[in-house]
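A.B. asks:
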Amino acid sequence: MIDIRRVFTQVEHIHHEFGPRADTPLVRGAIGAVLTNPFAGRYEPDILPMMALLDPVGVDMAHKLHAAMDVPLEQIATYGKGAIVGAGGELEHGALWHVPGGYAMRELLGWKGSRVAYTAGKAEEKTGQPGNALSIVPSTKKVGPPGAALDVPLTNINAAYVRGQFDAIEVRVPGAPAADEIVFILAMSTGYRVHARVGGLLAKDISKWDGLR
507 MIDIRRVFTQ
517 VEHIHHEFGP
527 RADTPLVRGA
537 IGAVLTNPFA
547 GRYEPDILPM
557 MALLDPVGVD
567 MAHKLHAAMD
577 VPLEQIATYG
587 KGAIVGAGGE
597 LEHGALWHVP
607 GGYAMRELLG
617 WKGSRVAYTA
627 GKAEEKTGQP
637 GNALSIVPST
647 KKVGPPGAAL
657 DVPLTNINAA
667 YVRGQFDAIE
677 VRVPGAPAAD
687 EIVFILAMST
697 GYRVHARVGG
707 LLAKDISKWD
717 GLR
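In the numbering used here, the protein residues as written are 507 to 719.
#1: Can you give me the Cβ contacts of Pro680 inside the same chain, cut-off strictly under 7 Å, excluding the 5 residues immediately before and after it?
#2: CA-CA distance, Lys714 and Leu602?
#3: At 4 residues or longer, and completely inside the region 516 to 581: list those alpha helix (DSSP H) runs for me, N to C.
#4: Taking the beta strand (DSSP E) that Met694 belongs to, which residues open and close that run?
#5: Give me, in chain order, the residues of the same chain whose beta-carbon lies closer than 7 Å to that of Ile729; leave out the 5 immediate sequence neighbours on both sides.
#6: Find the nearest neighbour of Asn543 within the set Asp509, His519, Asp561, Gly564, judged by alpha-carbon distance.
#7: I'd like the span of the alpha helix (DSSP H) that includes Pro720, first residue to last.
#8: Straight-line CA distance for Glu631 to Pro526?
#9: For Lys647, count the other beta carbons within 10 Å of its own beta carbon; 16 or more makes it buried, fewer makes it exposed. Which is it?
#10: Excluding sequence positions up to five away, which residues of its chain have a Cβ less than 6 Å from the Cβ of Arg512?
#11: Contact criterion: CB-CB distance below 9 Å. Does Val540 meet it with respect to chain D?
#12: If you compare alpha carbons, which of Leu532, Met557, Glu613 is closest to Ala568?
#13: Report yes or no: do three or more beta-carbon pairs, one from the region 563 to 579 and one from the region 655 to 662, lie closer than 8 Å?
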């Protein structure tokens, strides 16, 4: 069921946004895996089995993205995920990425909380103690033609209210997805927008450690 045709990685270093040059550039990266959509062209009521099969795909992509960004793991400050479904599929096929994509990055970054992993439509609880990556991983998805772009949202890994780290990265895989494919995407960055100055909670002031503040 898992047939990966291409893996596309992009990394950018942002030095300034028409203001003073940053002492340290913001590093943003994304990785997209182009997979055959086994449900393209038909309605399949039970799609959950594919979710479990995507777990190792997510883990592999998270590690490859971190390696491509070439920064220490502790410098990863934001994350996000997304999916572009080819025209032969439906939006719900992209939703299969919510669990395997999000938790792959959270576990890479040291999260140790409770996870629901779906296997053949059954929920299995994995428990532990909360650690890093407490914030929910923001997400977006769409159905689109080959070359469609997706703005993948990014927020702080521990507190969704860190306003200066609200961001997005545009991801486009040339020639993908075909009508019978899906592009699954992970994205991460090293922190604040260059020249962020609109106030709000700072990462250094996170105090509740509840995933929000």
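Note that the Cβ used here is the ideal one computed from N, Cα and C, for glycine as well.
Small disclaimer: the values here were computed from a predicted structure and weren't measured.
C.D. replies: Looking at the atomic coordinates:
#1: In the sequence shown, counting from the first residue as 1, residue 680 sits at position 174. Apart from the 5 residues on each side of it in sequence, Pro680 sits with its Cβ closer than 7 Å to the Cβ of Gly653 in its chain, given in chain order.
#2: Position 208 of the sequence shown holds residue 714. Position 96 of the sequence shown holds residue 602. The alpha-carbon atoms of Lys714 and Leu602 are separated by roughly 30 Å.
#3: Segments of the alpha helix (DSSP H) lying fully in the region 516 to 581: 554 to 559, 561 to 575.
#4: Along the sequence shown, one-based indexing puts residue 694 at 188. Unbroken beta strand (DSSP E) run through Met694: 687 to 695.
#5: Shown here, the chain extends from 507 to 719; a query on residue 729 therefore has no answer.
#6: The residue you call residue 543 lines up with position 37 of the sequence shown. Comparing Cα-Cα distances from Asn543 to each of Asp509, His519, Asp561, Gly564, the minimum goes to Asp509.
#7: Look at the range of the chain in this structure, 507 to 719, and you will see that residue 720 is not part of it.
#8: Within the sequence shown, the letter at position 125 stands for residue 631. Within the sequence shown, the letter at position 20 stands for residue 526. Per-residue confidence for Glu631 stands at a pLDDT of 40, beneath the threshold of 50, marking its modelled position as unreliable; the derived number appears in the next sentence. Glu631 and Pro526 have their C-alpha atoms spaced approximately 48 Å apart.
#9: Counting from 1 along the sequence shown, the entry for residue 647 is found at position 141. By the neighbour-count rule (16 or more Cβ atoms within 10 Å), Lys647 is buried.
#10: As a position in the sequence shown, residue 512 is number 6, starting the count at 1. Only Val540 meet the Cβ criterion.
#11: The structure shown contains no chain D, having only a single protein chain.
#12: Counted from its first residue, the sequence shown places residue 568 at position 62. Ranking the options by Cα distance to Ala568, first place goes to Glu613.
#13: Counting Cβ pairs under 8 Å, fewer than three are found: no touch.
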